[in-house]
Structure formats: structure tokens, C-alpha cells
Amino acid sequence: QGVELGRMIVSELRQSLEDMSKRQQQAFAQQQAQLSAAVSQAVAQVLKEPMSRVAGAVEKTGSGQGEAMSQALEGALTRFSAKLDSTFGQRQDGLESLLSQTAVSLQQAVAELRRVAAQLENAGRGTVESAASHLHNAGAGIDKASVTFACATEDMLSTASALTSAANVAAEVMRDHRSAREDFARMLADLRETVSVSRRDAALTGNLVSQLETAAGSLGHAERQAETYLQGVSNVLTEAHAAFARNVENTLHQGNTQFQRELATAVDYLRGAIEELGEMLETATGKR
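Counting along the sequence shown from 1, when you hit position 276 you're at 302 in my numbering, and nothing is skipped either side.
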């Protein structure tokens with residue numbers, strides 16, 4: 027039962043760690059998707075109005091200023107690219123995919139702006155200045171989008187740091203689990219040893235109880251034999267005492283009878299002697 031419990035604990039911990047890892051991966055993927063969507067939406071919102079103004083300006087401008095407009099557009103895009111390079115660079119490998127998509131989007135935007143610049147060759151000076159102003163505003167919007175993207179990057183770095191901390195915590199949990207498993211294994215070994223000792227003690231106790239029961243039976247039998255023997259001794263002593271009393275009584279009676287006879291004989295002898303002595307004295311006195 028202890029081994030089965032240990033396996034269940036290990037299985038549950040493994041399942042919990044796998045679920046936690048999956049949730050972390052899903053959360054990271056969701057954050058990346060939200061970040062990409064936020065960046066795309068921010069760039070789209072920033073470029074929407076300037077591009078609309080540029081398109082409107084294309085329809086109204088005159089010719090002759092296309093080259094200046096193209097240079098202005100290329101300068102703004104160059105500043106935007108430089109801003110992106112200085113912001114992101116090589117800081118996060120996980121942003122390579124997002125940066126690639128951004129680069130593709132920028133290339134598409136450059137191609138579109140070049141197409142617009144080709145159409146602006148017939149635009150007038152005043153309209154070109156207005157378009158340049160709009161492009162300046164667009165550059166400011168792009169800078170704002172870069173700041174937003176930088177903040178999002180910092181959030182991603184914070185998330186990566188949090189994930190690293192979570193991974194460290196998970197590693198610590200695994201180490202604690204390994205230590206707990208080793209402790210549990212030692213406890214199980216001690217329990218097995220205790221059970222083995224208990225079995226040996228139980229066997230010894232059973233033998234001891236059996237021996238004690240045998241000894242108790244022998245003592246009971248000996249007690250009964252001793253009781254029978256003592257009863258016999260008591261009977262013998264009683265009979266001997268009665269016989270001794272009878273013998274003493276008979277002896278005393280016989281001795282007393284013999285003593286009485288001898289005493290009577292002695293008295294008779296003494297009386298005869300006294301009578302003879304009296305007669306002798308009377309005879310002697312008569313002769314005088």
C-alpha cells in the first residue's frame with residue numbers, strides 16, 4: 027500500500043507540472059498573439075490617417091516634386107527602420123518572427139509609398155509641402171508606435187522573466203519532490219524493517235507464549251500431583267497420629283496396670299514383713 031501511494035503521489039505531481047507548463051506556454055503564446063495584434067493595430071491606426079491624406083494629396087498635387095516627396099518618404103522610413111533597429115536589435119530571440127512580419131509590412135509600405143511618390147511627380151509645390159507636413163505627422167505617429175512597441179517589448183521581457191522565475195520555482199518544486207520521494211523511500215524501508223522485526227518478535231512471542239503455556243500446564247500437573255501427595259502425606263500423618271495415640275494409650279494403660287499389680291504385690295510383701303517383724307518383736311519381748 028505504501029508503494030502504491032508513492033506512485034500515485036508521483037503521478038499527480040507529474041500531471042500537475044505538465045498542466046502548469048502547458049498553461050504557461052498557452053499564456054505566453056496568447057500574450058505574444060495579443061502583443062502582435064496590438065502592434066499591428068497601433069501601426070495601422072497611426073498610418074491610416076497619414077496614408078489617407080497622402081492619397082488625397084496625390085489626387086490634388088501637381089508635377090515636378092515627386093523626387094522630393096520620394097526622398098522625404100524614404101527619409102521617414104529610414105528613421106523608422108533605424109528606430110526599430112535601435113529599439114529591438116538583438117535583445118530578444120523570441121521577437122524575430124514579429125520583426126520579420128514588421129519588416130515585410132514596412133517593405134510593402136515602402137513599395138506603396140514609392141508608388142504614391144511616382145504619382146506625385148505632377149503635384150504642385152504647395153501641395154507637396156502639405157504632404158511633407160502630413161508625412162512629418164506620420165513620422166511622429168510612427169515614433170509613437172515605436173514607443174508603444176518598445177513598451178510591449180518590455181512587457182514581453184517581464185513575462186519572460188516571470189516565466190524564468192516560474193521555471194526556477196518548478197525546478198525547486200521538483201527538487202523538493204525528489205527529496206520528499208527519497209524521504210518517503212527511507213520511511214518505507216524503515217516501515218518494512220519494522221514490520222519484519224515485528225514479525226520476528228511476533229514469532230518469538232508466539233514461541234514464548236507456547237512455552238509459557240506448556241510450562242503452566244506442567245506446573246498445574248505438578249501442583250495436582252503435589253496436592254495428591256500432600257493429601258496422602260496428611261492421611262498417613264493422621265493415621266500415624268491416631269495409631270501413636272492408641273499405642274500411647276495402650277502402653278500407658280498396660281504400664282499402669284502392671285504398676286498397680288506390682289505395687290499391690292509390694293504392699294503385700296511389706297505388710298507381711300511388718301507382720302513378721304511385729305511377731306518377732308512380740309516373741310522377743312515375751313522371752314525376756
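From the three backbone atoms N, C-alpha and C, an ideal C-beta is built for every residue, glycine too.
- The straight-line gap separating the alpha-carbon atoms of Ser244 and Asn276 is approximately 47 Å.
- A direct Cα-Cα distance of roughly 36 Å separates Gly304 from Gln280.
- Between the alpha carbons of Glu249 and Leu238 lies a gap of roughly 16 Å.
- Spanning the alpha carbons of Leu289 and Ser260 requires a straight line of approximately 42 Å.
- Within the model, the alpha-carbon separation for Leu296 versus Leu278 is close to 26 Å.
- It is roughly 39 Å from the alpha-carbon of Arg218 to the alpha-carbon of Lys48.
- Ala211 and Val235 have their C-alpha atoms some 35 Å from each other.
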